[in-house]
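Visitor: The structure follows.
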Amino acid sequence: MFHSRLRPGFRHAILVISACCLSAWGKGLSAQTPAAPSQIQDAPAKPDSTAVHAPGPATGQSEEVSSHDTPTTFKVRVNLVLVRAVVRDAQGKVVPNLKKEDFQLYDNRKLQNISSFSIEAPEKRTASAMASTTAEDSSSSADVADGKAVVLPQRFASMVFDDVHLSMADAVFVRDSATRFFGALAASDRVSLNTTSGQLTQEFTDDHEKLSKALLGVLPRPMNSQGFHDCPDLSYYQADLIVNKSDVQALAVATDEALQCAFNGDTTMMAGAQRLAETAAYRAVAQGDSETQYAYRHLEDVVRRLASMPGQRILVLVSPGFISSTLQSEASEMVDRATRSNIVINTIDARGLYAPDVGGDIADPPHDSYRTAGYKTSYRVAAQLAQQDVLAQLADGTGGNFYHNRNDVDEAMREAGAAPAISYLLGFSPQNLKIDGRFHTLKVTLTSKEKYSVQARHGYFAPKTVADPAEATKQEMQEALFSQEEIRDLPVELQTQFFKKDEAQARLAVLSHFDVKSIHFQKVQGRNNDQLTILTGIFDENGNFVTGLSKIVDMKLLDTTYTRLSRSGFTVKTSFDVKPGTYLVRLVVRDAVGAQMAARNGAVVIPY
343 MFHSRLRPGF RHAILVISAC CLSAWGKGLS AQTPAAPSQI QDAPAKPDST
393 AVHAPGPATG QSEEVSSHDT PTTFKVRVNL VLVRAVVRDA QGKVVPNLKK
443 EDFQLYDNRK LQNISSFSIE APEKRTASAM ASTTAEDSSS SADVADGKAV
493 VLPQRFASMV FDDVHLSMAD AVFVRDSATR FFGALAASDR VSLNTTSGQL
543 TQEFTDDHEK LSKALLGVLP RPMNSQGFHD CPDLSYYQAD LIVNKSDVQA
593 LAVATDEALQ CAFNGDTTMM AGAQRLAETA AYRAVAQGDS ETQYAYRHLE
643 DVVRRLASMP GQRILVLVSP GFISSTLQSE ASEMVDRATR SNIVINTIDA
693 RGLYAPDVGG DIADPPHDSY RTAGYKTSYR VAAQLAQQDV LAQLADGTGG
743 NFYHNRNDVD EAMREAGAAP AISYLLGFSP QNLKIDGRFH TLKVTLTSKE
793 KYSVQARHGY FAPKTVADPA EATKQEMQEA LFSQEEIRDL PVELQTQFFK
843 KDEAQARLAV LSHFDVKSIH FQKVQGRNND QLTILTGIFD ENGNFVTGLS
893 KIVDMKLLDT TYTRLSRSGF TVKTSFDVKP GTYLVRLVVR DAVGAQMAAR
943 NGAVVIPY
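Each number in the working numbering comes from the position in the sequence shown (counting from 1) with 342 added on.
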């Protein structure tokens with residue numbers, strides 16, 4: 343039998359609809375291969391039956407409520423730009439209790455209307471374990487199993503080590519610091535380990551021993567060969583000055599070096615030496631760009647994976663930094679993707695407290711001539727200072743912190759593992775936005791006169807193509823599914839039931855109860871029309887996606903049916919076959935007429 347603790351109102355009317363599975367959520371998907379939001383697609387709906395069980399006659403009900411796979415176009419917020427802001431006072435403490443009216447937001451120096459505003463705090467992201475059921479003869483409850491409190495994951499931290507750019511000394515330093523960091527994790531924390539080379543991937547876990555073992559795999563893995571010195575020997579920084587910034591002095595230094603190493607100082611070969619220097623510069627830029635893009639691609643993979651975790655999301659990038667050259671848009675797109683997924687990026691300079699190394703890497707010393715040594719030293723120092731710019735940009739743009747010039751990296755990691763105590767998420771829709779891909783500068787200020795500092799992203803890139811409204815809405819719902827944010831635009835309540843088939847299998851039912859009076863219907867041909875899209879996701883105790891279902895409910899209610907359901911509401915039931923265990927249930931609903939959304943969290947413990 344089913345075991346449940348439903349309130350009486352849930353039994354008044356039940357709308358039973360067979361759900362159409364999402365193709366990426368099918369039976370081939372397991373907790374070990376979680377789906378990212380971008381992978382989810384609707385599969386053709388199977389024939390199903392629909393019935394409204396409510397007091398009174400049911401004549402014509404099959405025409406009034408049905409489910410189908412007809413494509414639907416929703417109202418959607420167009421070109422919404424999200425800007426996360428962290429406000430600190432003169433002592434560096436986060437300022438709470440600010441309101442929408444306290445902020446001003448400028449796009450290319452033009453004041454914008456802030457259309458959405460929310461306050462983000464870590465304690466507000468706790469899952470509400472309100473919808474759990476247990477066997478009737480068991481004393482366990484929503485948050486107790488086997489006599490122990492069940493702690494569902496609330497905070498997910500992805501630690502990314504930039505092994506593409508790390509030196510061996512830096513790798514040993516940060517490995518030791520990270521080991522001490524694991525000891526400070528809370529029971530609700532889940533941590534994953536990744537590298538920008540893609541050679542190390544440890545999925546989210548609270549097993550400290552497993553994390554420490556995986557940490558041993560953090561080693562330098564540069565793409566370009568080490569110990570080989572070209573003629574002339576150009577760094578990525580100097581090559582970038584020559585190729586992308588047309589720096590005459592940098593080219594002259596490279597030409598003189600080429601003249602010495604290739605032509606034994608023969609000044610009659612100056613033209614050939616310059617061609618050799620230009621060729622070496624283009625080659626060094628190509629290699630550097632390739633290495634940077636390679637690191638970005640794997641960092642994007644981590645962001646996508648983190649975006650699919652149901653809770654507070656933090657990315658900690660541990661890196662000595664790198665030169666962005668002409669790849670500025672990649673960092674901006676990373677900030678944009680992280681902000682939309684509510685990911686805070688904290689960055690840590692793996693070099694710790696350091697002074698610029700004028701002599702270069704002692705393990706791979708440069709081969710500078712006395713004629714160019716001074717210039718090459720200045721380029722080396724400038725490059726080491728410029729490397730941190732991208733780390734500052736990623737942190738500043740997402741409301742995170744950039745930890746640098748400090749040797750207590752273990753303490754920095756502990757601080758980086760937590761989101762700001764209070765942050766403000768501002769949203770606006772740019773007026774007359776051109777679809778040209780151009781960069782727009784952003785500035786957030788305060789209307790008050792207090793000397794507060796505001797940390798926010800510095801800009802965004804306009805889209806290059808027009809997004810399809812239906813696809814944009816589907817993406818918005820999927821992003822909402824993979825979070826713990828509770829949205830209450832629609833009056834929806836969540837409850838669960840389960841039935842144990844045997845010791846290894848159980849049937850879990852998720853019941854969504856709707857208050858009809860608060861749904862915006864549209865009158866068409868004498869009927870009350872609306873369409874509900876319902877997404878239900880099941881996550882395990884480590885936050886890994888287990889399974890999920892999607893359904894569309896068409897409602898064309900006669901006035902008599904609408905009146906009857908207005909008194910009782912109705913409930914949609916979705917069922918899953920799962921193994922015994924602890925699960926987080928996530929429900930997201932959107933209606934077509936009002937373009938309103940609802941999102942709810944629930945938890946269920948199915949005893950073994």
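Even glycine gets a Cβ: it sits at the ideal position worked out from N, Cα and C.
#1: Return the residue from the list Ala528, His507, Met501, Arg532 that minimises the CA-CA distance to Ser519.
#2: If I'm right that Val890 touches His855 with Cβ under 8 Å, what's the distance once you round it to whole angstroms?
#3: Would you call Ser534 buried or exposed, if buried means 16 or more other Cβ atoms sit within 10 Å of its Cβ?
#4: Determine the contact status of Ala581 and Ala623, defining contact as a CB-CB distance below 7 Å.
#5: Quick check on the burial criterion: 16 or more other C-beta atoms within 10 angstroms. Buried or exposed for Asp810?
#6: Does the ligand ATP have a heavy atom nearer than 6 Å to the CB of Arg563?
#7: What are the boundary residues of the beta strand (DSSP E) that includes Leu929?
#8: Smallest Cα separation from Asp531: which of Phe515, Asp549, Val516?
#9: Once the 5 residues before and after Ser860 are set aside, which same chain residues still bring their CB inside 8 Å of it?
#10: Cα-Cα, which of Ile461, Thr634, Asp933, Pro495 is closest to Asp857?
#11: For the beta strand (DSSP E) containing Thr815, name the first residue and the last one.
#12: Alpha carbon to alpha carbon, how far is Ala760 from Ala427?
#13: Mind checking whether Ser458 and Gly769 have CB atoms under 7 Å apart?
#14: Whether or not the stretch 610 to 620 and the stretch 549 to 558 are in contact is what I'm after, with contact meaning three or more pairs of Cβ atoms, one per stretch, closer than 8 Å; do they touch?
#15: On a CA-only basis, which of Leu929, Ala804, Lys921 is nearest Arg780? Give me that one, please.
#16: How many whole angstroms separate the CB atoms of Lys816 and Ile777, which I take to be in contact at a CB cut-off of 8 Å?
#17: So is Arg639 buried or exposed if we call it buried at 16+ other beta carbons inside 10 Å?
#18: Quick check on the DSSP output: the alpha helix (DSSP H) that includes Glu620 runs from which residue to which?
#19: Compute the beta-carbon to beta-carbon distance between Ala848 and Leu494, rounded to the nearest angstrom, for a pair I have assumed lies under 8 Å.
#20: Mapping DSSP to helix, strand and coil, what is Ile456?
#21: Among Ala692, Asp631, Ala649, which one has its Cα closest to the Cα of Ser671?
#22: Would you kindly work out how many angstroms separate the C-alpha atoms of His354 and Leu907, rounded to a whole number?
#23: Between the stretch 920 to 929 and the stretch 892 to 899, are three or more C-beta pairs nearer than 8 Å?
#24: Can you tell me whether DSSP reads Ala937 as helix, strand or coil?
#25: Ala754 and Ile690: beta carbons closer than 7 Å?
#26: Would you check if the stretch 674 to 694 and the stretch 653 to 661 touch, i.e. whether three or more CB-CB distances between them fall below 8 Å?
#27: With DSSP run on the structure shown, which of helix, strand or coil describes Glu545?
#28: What does Asp449 pair with, by DSSP beta-bridge criteria?
#29: Specify whether the stretch 607 to 616 and the stretch 725 to 737 touch according to this definition: at least 3 beta carbon pairs, one from each stretch, less than 8 Å apart.
#30: So is Val866 in contact with chain C if we call contact Cβ pairs under 7 Å?
#31: If I'm right that Ser667 touches Asn586 with Cβ under 8 Å, what's the distance once you round it to whole angstroms?
#32: What first and last residue would you give for the beta strand (DSSP E) that runs through Glu757?
#33: Starting from Leu553, trace the alpha helix (DSSP H) both ways and give me its first and last residue.
#34: What is the DSSP secondary structure of Ser882, reduced to helix, strand or coil?
#35: Beta-carbon separation of Arg748 and Ala526 under 7 Å?
#36: Can you list, in chain order, the residues of its chain whose CB lies under 6 Å from that of Val796, leaving out five sequence neighbours each side?
Guide: Judging by the given coordinates:
#1: In the sequence shown, residue 519 corresponds to position 177, counting from 1. Distances from the CA of Ser519 to each of Ala528, His507, Met501, Arg532 were compared; the closest alpha carbon is that of Met501.
#2: Position 548 of the sequence shown holds residue 890. Position 513 of the sequence shown holds residue 855. Note on residue identity: the sequence assigns Gly, not Val, to residue 890. Contact flag wrong, Cβ pair sits at about 20 Å.
#3: Taking the sequence shown and counting its residues from 1, the one referred to as residue 534 is at position 192. Counting the other Cβ atoms within 10 Å of the Cβ of Ser534 gives 16 or more, which makes it buried.
#4: Translated into positions along the sequence shown, residue 581 becomes position 239. Translated into positions along the sequence shown, residue 623 becomes position 281. For Ala581 and Ala623, yes; Cβs fall inside 7 Å.
#5: In the sequence shown, the residue the question calls residue 810 occupies position 468. Here Asp810 is exposed. Its C-beta has fewer than 16 other C-beta atoms within 10 Å.
#6: Looking at this structure, you won't find the ligand ATP or any other ligand, since it has none at all.
#7: Position 587 of the sequence shown, counted from the first residue, corresponds to residue 929. Segment 923 to 933, the beta strand (DSSP E) holding Leu929.
#8: By 1-based counting over the sequence shown, the position of residue 531 is 189. For Asp531, the closest alpha carbon among the candidates Phe515, Asp549, Val516 is that of Asp549.
#9: For the purposes of this step, residue 860 is taken as residue 518 along the sequence shown, with counting starting at 1. Short of 8 Å from the beta carbon of Ser860, and not among the five residues preceding or following it, lie these beta carbons of its own chain, in chain order: Leu832, Pro833.
#10: Your numbering for residue 857 matches position 515 in the sequence shown. Selected option, being the one with the closest Cα: Asp933.
#11: Counting from 1 along the sequence shown, the entry for residue 815 is found at position 473. Careful: Thr815 lies outside any beta strand (DSSP E), inside the alpha helix (DSSP H) at 811 to 823.
#12: For the purposes of this step, residue 760 is identified with residue 418 of the sequence shown, where counting begins at 1. For the purposes of this step, residue 427 is identified with residue 85 of the sequence shown, where counting begins at 1. Going by C-alpha positions, Ala760 is about 16 Å away from Ala427.
#13: In the sequence shown, residue 458 corresponds to position 116, counting from 1. In the sequence shown, residue 769 corresponds to position 427, counting from 1. For Ser458 and Gly769, yes; Cβs fall inside 7 Å.
#14: Because the criterion of three Cβ pairs below 8 Å is not met, the stretch 549 to 558 and the stretch 610 to 620 do not touch.
#15: In the sequence shown, residue 780 corresponds to position 438, counting from 1. For Arg780, the nearest C-alpha among the options comes from Ala804.
#16: By one-based count along the sequence shown, residue 816 stands at place 474. By one-based count along the sequence shown, residue 777 stands at place 435. The C-beta distance from Lys816 to Ile777 rounds to 21 Å, too long to fall under 8 Å, and the pair is not in contact.
#17: One-based indexing of the sequence shown puts residue 639 at position 297. Around the beta-carbon of Arg639, fewer than 16 other beta-carbon atoms lie within 10 Å, marking it exposed.
#18: Within the sequence shown, the letter at position 278 stands for residue 620. Here the alpha helix (DSSP H) through Glu620 covers 612 to 649.
#19: Counted from its first residue, the sequence shown places residue 848 at position 506. Counted from its first residue, the sequence shown places residue 494 at position 152. So it is not a contact: roughly 18 Å between Cβ atoms.
#20: In the sequence shown, counting from the first residue as 1, residue 456 sits at position 114. Three-state DSSP puts Ile456 in coil, outside helix and strand.
#21: In the sequence shown, the residue the question calls residue 671 occupies position 329. For the set Ala692, Asp631, Ala649, the Cα lying nearest the Cα of Ser671 is the one of Asp631.
#22: Taking the sequence shown and counting its residues from 1, the one referred to as residue 354 is at position 12. Taking the sequence shown and counting its residues from 1, the one referred to as residue 907 is at position 565. Model confidence at His354 stands at a pLDDT of 42, short of 50, so the residue's coordinates are unreliable; what they give is reported in the following sentence. Taking the straight line joining both Cα atoms gives about 9 Å.
#23: No, they do not touch.
#24: Counting from one through the sequence shown, the residue named residue 937 turns up at place 595. Looking at Ala937 - three-state DSSP - the assignment turns out to be coil, as it is neither helix nor strand.
#25: One-based indexing of the sequence shown puts residue 754 at position 412. One-based indexing of the sequence shown puts residue 690 at position 348. For Ala754 and Ile690, yes; Cβs fall inside 7 Å.
#26: They touch, by the three-pair rule.
#27: Taking the first residue of the sequence shown as 1, we reach residue 545 at position 203. Strand at Glu545.
#28: For the purposes of this step, residue 449 is identified with residue 107 of the sequence shown, where counting begins at 1. Answer is Lys452, Leu784.
#29: No, they do not touch.
#30: The displayed structure is made up of one protein chain only, and chain C is not part of it.
#31: Taking the first residue of the sequence shown as 1, we reach residue 667 at position 325. Taking the first residue of the sequence shown as 1, we reach residue 586 at position 244. That belief holds up - the Cβ atoms of Ser667 and Asn586 are roughly 6 Å apart, short of 8 Å.
#32: Counting from 1 along the sequence shown, the entry for residue 757 is found at position 415. Looking at the DSSP string, Glu757 is not in any beta strand (DSSP E); the run it does join, the alpha helix (DSSP H), is 751 to 758.
#33: Within the sequence shown, residue 553 is the residue found at index 211, counting from 1. Run containing Leu553: 550 to 557, per the alpha helix (DSSP H) assignment.
#34: In the sequence shown, residue 882 corresponds to position 540, counting from 1. Here the sequence assigns Asp to residue 882, which means Ser is not the residue at that position. Judged by DSSP in its simplified three-state form, Asp882 adopts coil rather than helix or strand.
#35: Reading the sequence shown from its first residue, position 406 is the one you call residue 748. Reading the sequence shown from its first residue, position 184 is the one you call residue 526. Contact flag unset, no.
#36: Within the sequence shown, the letter at position 454 stands for residue 796. Contacts found: Ala427, Val429, Val786.
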